[in-house]
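**Q** Before anything else, here's the structure in question.
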Amino acid sequence: MAWLRRYWLKVLLLTLSSVLAAGVFMASVMAGDDHNRNRDAMLWIGAVLALMVVLVTASETALNEREKTKARNEASRTAAELRLLYNDVLAQLSQPLGKLSYAYARAYPTTATTAPAALVTAQATEYTTIRRSVLVGAATLTAPLDPGGLPTARSAFYRLTDPARHEFTLEDWAGRPSAPRAKMEGAAGSHFLHDILERRTPYHAGAATGYVSVIQQNSGEYRSVIAVPVVAGGAEFGVLAVDAPHPADLTVPHVRLLRCLADLLGATLALT
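Put into structure tokens, the structure is as follows:
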């Protein structure tokens, strides 16, 4: 009888609606009887019963919508908690993996010996696959998807190509179909990314922090940004950045997620 305790109100409304509908039917039949002296009264009774059916049906619909909203909120809360759990697990894996990769690369540098061509090709292929997975994950696991199921966020990996000149070049991107700039230049571009990489501190602009994008302060294309350093041990490779259309799209948990993805990308780069 557990289901009855849970759904007693819905059962009551359904039963009441059925009884009232039967009453409307009987009242209409009696009102249509030419020999009935109380036809007018039956019409009024039928009208009142019909109105009550409408009210009960509306109450049942409202109850169903409330349950759907509650279920959606519960699903969102569970998803958020699960996402935080995933972030915590990834963080425990990605950072040590990056340090191990850096230590291995230092102990066995690729410049010491010439690597076989097959190994070089395999490394390049696997790195491209991992980089693509990181970028797609960064774009789809952060800001809400659009009604068509496509990402509204855009992710990009800017590789540090010239440390002396603080030059960062776009290596790949994913998400929203508008390509980011190919190269970061100037104080609000390359120097800004260099500060993130040098300090190894993520940058977050949006509703959660109150900051405005340094690179495009008046941009109408995006209003929230997260940029995290891509490193492994003592090696610095570049910056992983994500932007989204609305100020509240990118949240604090997303920073943790992107740091984990950046650490995985850094660990891969340390071995290639």
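Quick note on full-length UniProt numbering: the sequence shown kicks off at 1 and runs consecutively. Beta carbons are placed, not taken as given, at the ideal position from N, Cα and C, and that holds for glycine.
1. Less than 8 Å between C-beta atoms, sequence neighbours within five positions excluded: which residues of the same chain meet that for R131?
2. Three-state secondary structure (DSSP) at D243?
3. On the CB-based measure, 16 or more other CB atoms within 10 Å of its CB, does residue 344 come out buried or exposed?
4. Note down, in chain order, each residue of its chain lying with its Cβ closer than 8 Å to the Cβ of I196, except the 5 sequence neighbours on either side.
5. Determine which residues share a DSSP beta bridge with W173 and list them.
6. Which residues mark the beginning and the end of the beta strand (DSSP E) in which Y203 is found?
7. Note down the Cα distance separating A107 from G233, rounded to an integer number of angstroms.
8. May I have the straight-line CA-CA distance separating G189 from K68, to the nearest angstrom?
9. If you drop the 5 nearest sequence neighbours on each side, which residues of the same chain put their C-beta closer than 6 Å to that of R159?
10. Would you grab the beta carbon distance between G210 and R223 for me? Rounded to a whole angstrom, and I think it's under 8 Å.
11. Since I believe V134 is in contact with L261 (beta carbons under 8 Å), could you give me their beta-carbon distance rounded to a whole number of angstroms?
12. Would P151 be called buried (16 or more neighbouring beta carbons within 10 Å of its own) or exposed?
13. Under a Cβ-count criterion, where at least 16 other Cβ atoms within 10 Å of its own Cβ denotes burial, should G148 be classed as buried or exposed?
14. Give me the DSSP bridge partner(s) of E236.
15. Pull up the distance between the alpha-carbon of H191 and that of V255, whole angstroms please.
16. Report, in whole angstroms, the separation of the C-beta atoms of S213 and V225, which I expect to be a contact under 8 Å.
17. Counting only beta-carbon atoms, is P177 nearer than 8 Å to chain B?
18. Once you ignore the five residues that flank R176 on each side, which residues in its own chain have a CB closer than 7 Å to its CB?
19. Tell me K183's beta-bridge partners as DSSP assigns them.
20. In the DSSP assignment, the alpha helix (DSSP H) including G137 goes from what residue to what residue?
21. Name the one or two DSSP bridge partners that V225 has.
22. Answer yes or no: do V53 and A21 have a C-beta to C-beta separation smaller than 8 Å?
**A** So, from the listed chains and residues:
1. Residue mapping note: residue 131 aligns to position 131 of the sequence shown, counting from 1. Excluding residues within five positions, the ones whose Cβ falls inside 8 Å are F157, E171, D172, L265, T268.
2. Here residue 243 is taken as the residue at index 243 of the sequence shown, counted from 1. Here D243 sits in strand by DSSP.
3. Missing from the structure shown is residue 344; the chain here goes from 1 to 272 and no further.
4. Locating residue 196 in the sequence shown gives position 196, counting from the first residue. Answer for I196: P202, Y203, A227, V228, P229, V239, listed in chain order.
5. Here residue 173 corresponds to residue number 173 of the sequence shown, with the count starting at 1. Beta bridge pairing from DSSP links W173 with A156.
6. Your numbering for residue 203 matches position 203 in the sequence shown. Element bounds for Y203: 203 to 205.
7. Counted from its first residue, the sequence shown places residue 107 at position 107. Counted from its first residue, the sequence shown places residue 233 at position 233. Each residue's Cα considered, the two are about 13 Å apart.
8. Walking along the sequence shown from the start, residue 189 turns up at place 189. Walking along the sequence shown from the start, residue 68 turns up at place 68. In a straight line, the C-alpha of G189 is about 46 Å away from that of K68.
9. Start at 1 with the first residue of the sequence shown, and residue 159 comes out as number 159. The residues T169, E171, G238, in chain order, have a CB closer than 6 Å to that of R159 in the same chain once the five nearest residues on each side in sequence are set aside.
10. Counting from 1 along the sequence shown, the entry for residue 210 is found at position 210. Counting from 1 along the sequence shown, the entry for residue 223 is found at position 223. No, G210 and R223 are not in contact; Cβ-Cβ is about 12 Å, not under 8 Å.
11. Here residue 261 corresponds to residue number 261 of the sequence shown, with the count starting at 1. Here residue 134 corresponds to residue number 134 of the sequence shown, with the count starting at 1. About 5 Å separates the two Cβ atoms, so the contact holds.
12. Your numbering for residue 151 matches position 151 in the sequence shown. By the beta-carbon neighbour count (other beta carbons within 10 angstroms, threshold 16), P151 is buried.
13. Within the sequence shown, the letter at position 148 stands for residue 148. With fewer than 16 other Cβ atoms from the protein chains shown falling within 10 Å of its own Cβ, G148 counts as exposed.
14. Position 236 of the sequence shown holds residue 236. In DSSP, E236 forms a bridge with V231.
15. Within the sequence shown, numbered from 1, the residue matching residue 191 stands at position 191. Within the sequence shown, numbered from 1, the residue matching residue 255 stands at position 255. Cα to Cα, H191 sits roughly 21 Å from V255.
16. In the sequence shown, counting from the first residue as 1, residue 213 sits at position 213. In the sequence shown, counting from the first residue as 1, residue 225 sits at position 225. Yes, they are in contact, since the Cβ atoms of S213 and V225 sit about 5 Å apart, within 8 Å.
17. Of the protein chains in the structure, only one exists, and it is not chain B.
18. For the purposes of this step, residue 176 is taken as the residue at position 176 of the sequence shown. Leaving aside the five residues that flank R176 on each side, the residues in its chain whose CB is nearer than 7 Å to its CB run, in chain order, P151, T152, A153, R154.
19. Start at 1 with the first residue of the sequence shown, and residue 183 comes out as number 183. Residue pairing of K183 in beta bridges, as defined by DSSP: T169.
20. As a first step, residue 137 is located in the sequence shown; it is residue number 137 there, counting from the start. Residues 117 to 140.
21. Position 225 of the sequence shown, counted from the start, is the residue given in the question as residue 225. Its beta-bridge partners are A205, D243.
22. Counting from one through the sequence shown, the residue named residue 53 turns up at place 53. Counting from one through the sequence shown, the residue named residue 21 turns up at place 21. Yes, the Cβ-Cβ distance between V53 and A21 is below 8 Å.
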